[in-house]
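Novice:
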Amino acid sequence: MADIQVRNATEADLPALLALYGQPDFNNGRVTSLEVAQATLARMAQYPDFAAYCVEADGQIVGTFSLMVIDNLAHWGMSSALVENVVVANGHQGEGVGRAMIQQAFRLAEAKGAYKVALSSNIKSTKAHAFYESLGFEKYGFSFRLEPVSGKRAPQVELIDGAAS
Numbered sequence: 001m002a003d004i005q006v007r008n009a010t011e012a013d014l015p016a017l018l019a020l021y022g023q024p025d026f027n028n029g030r031v032t033s034l035e036v037a038q039a040t041l042a043r044m045a046q047y048p049d050f051a052a053y054c055v056e057a058d059g060q061i062v063g064t065f066s067l068m069v070i071d072n073l074a075h076w077g078m079s080s081a082l083v084e085n086v087v088v089a090n091g092h093q094g095e096g097v098g099r100a101m102i103q104q105a106f107r108l109a110e111a112k113g114a115y116k117v118a119l120s121s122n123i124k125s126t127k128a129h130a131f132y133e134s135l136g137f138e139k140y141g142f143s144f145r146l147e148p149v150s151g152k153r154a155p156q157v158e159l160i161d162g163a164a165s
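Following full-length UniProt numbering, the numbering of the sequence shown begins with 1 at its first residue and continues without gaps.
#1: Near glutamine 38, which residues of its chain fall below 7 Å by C-beta distance, leaving aside the five closest residues on each side in sequence?
#2: Which of the three DSSP states is assigned to serine 80 in this structure?
#3: Where in the segment 47-131 do unbroken runs of the beta strand (DSSP E), each at least 3 residues long, occur, reported from the N-terminal end onward?
#4: From which residue to which residue does the alpha helix (DSSP H) around valine 6 run?
#5: Please determine if the segment 93-111 and the segment 70-84 are in contact, where contact requires at least 3 C-beta pairs separated by less than 8 Å.
#6: What is the DSSP secondary structure of tyrosine 140, reduced to helix, strand or coil?
#7: Kindly give me the distance between the Cβ atoms of tyrosine 53 and glutamine 103, rounded to whole angstroms, as I take these residues to be in contact under 8 Å.
#8: Measure the alpha-carbon distance for arginine 145 versus leucine 17 and round it to whole angstroms.
#9: Ordered along the chain, which non-local residues of its own chain (more than five positions away) have a Cβ less than 6 Å from that of serine 66?
#10: Report, in whole angstroms, the separation of the C-beta atoms of valine 87 and tyrosine 21, which I expect to be a contact under 8 Å.
#11: Quick check: the Cα distance between asparagine 28 and methionine 101, rounded to an integer number of angstroms?
#12: Helix or strand or just coil, what does DSSP make of glutamate 11?
#13: What did DSSP end up calling alanine 37 once you bin it into helix, strand or coil?
#14: Given a cut-off of 8 Å, decide if glutamine 23 and asparagine 90 are closer than it, judged by their beta-carbon atoms.
#15: When we look at the beta-carbon of valine 36 and count the other beta-carbons within 10 Å, is it buried (16 or more) or exposed?
#16: Tell me which same chain residues have a C-beta within less than 8 Å of the C-beta of alanine 9, skipping the five on either side of it?
This is how it looks when you write it as structure tokens:
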């Protein structure tokens, strides 16, 4: 593969990113509309350290990831980083694209003083898990999720002076 370039995604890149997200092995092929993606990218730009990135090879977008560096009151005030939406185009896996993306995410997080870089992966993505472990990631803790479902009750949390208890 030719030189791999990692750069911030722009609105012009959204059709290519949506095509990557639409691959059957990522998010079951479900994607949002271009209009929603444009609005989301604009909202992401409002956060100081949140962006989607593209990976280009030979002028073609072959991968993407998102990185958010999160300010933190705990952990001595050191930020943490979260990598999400890691996708490499089918046909380009095993060519160093994923490694370049994660290395860039690490550099960006390190430059912001993050004390850790975390990512989540579908529990069924064992090939991805092996890849992340080959880069030095360790399984750590548990990840939980609760998806909002229309018409269902949300968990009840008591608020005291505006803060959840």
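In this text, a Cβ means the ideal position worked out from N, Cα and C, and glycines have one as well.
Specialist: Working from what's here:
#1: One-based indexing of the sequence shown puts residue 38 at position 38. Result list for glutamine 38: Glu11, Leu14, in chain order.
#2: Working through the sequence shown from its first residue, we reach residue 80 at position 80. Looking at serine 80 - three-state DSSP - the assignment turns out to be strand.
#3: 50-57, 60-70, 80-88, 117-119
#4: Here residue 6 refers to the residue found at position 6 of the sequence shown. No alpha helix (DSSP H) holds valine 6; the beta strand (DSSP E) holding it covers 4-8.
#5: yes
#6: Stepping through the sequence shown from its first residue, residue 140 is reached at position 140. Residue state, collapsed to three classes: coil.
#7: Taking the first residue of the sequence shown as position 1, residue 53 is located at position 53. Taking the first residue of the sequence shown as position 1, residue 103 is located at position 103. That belief does not hold up - the Cβ atoms of tyrosine 53 and glutamine 103 are roughly 12 Å apart, past 8 Å.
#8: Along the sequence shown, read from residue 1 onward, the residue named residue 145 stands at position 145. Along the sequence shown, read from residue 1 onward, the residue named residue 17 stands at position 17. Approximately 25 Å between the Cα atoms of the pair.
#9: On the sequence shown, residue 66 is found 66 positions in, with the first residue counted as 1. Counting only Cβ-Cβ distances below 6 Å, and skipping sequence neighbours, we find Ala52, Glu84, Asn85.
#10: In the sequence shown, the residue the question calls residue 87 occupies position 87. In the sequence shown, the residue the question calls residue 21 occupies position 21. That belief holds up - the Cβ atoms of valine 87 and tyrosine 21 are roughly 6 Å apart, short of 8 Å.
#11: In the sequence shown, counting from the first residue as 1, residue 28 sits at position 28. In the sequence shown, counting from the first residue as 1, residue 101 sits at position 101. If I take the Cα positions, the gap works out to 22 Å.
#12: Numbered from its first residue, the sequence shown carries residue 11 at position 11. In the structure shown, glutamate 11 sits in a helix (DSSP, three-state: H, G or I).
#13: Translated into the one-based positions of the sequence shown, residue 37 becomes position 37. If DSSP states are grouped into helix, strand and coil, alanine 37 belongs with the helices.
#14: Start at 1 with the first residue of the sequence shown, and residue 90 comes out as number 90. Start at 1 with the first residue of the sequence shown, and residue 23 comes out as number 23. Contact: yes.
#15: One-based indexing of the sequence shown puts residue 36 at position 36. Label assigned to valine 36: exposed.
#16: Along the sequence shown, read from residue 1 onward, the residue named residue 9 stands at position 9. The residues are Leu17, Leu41, Ala51, Ala52, Tyr53, Cys54, Thr64.
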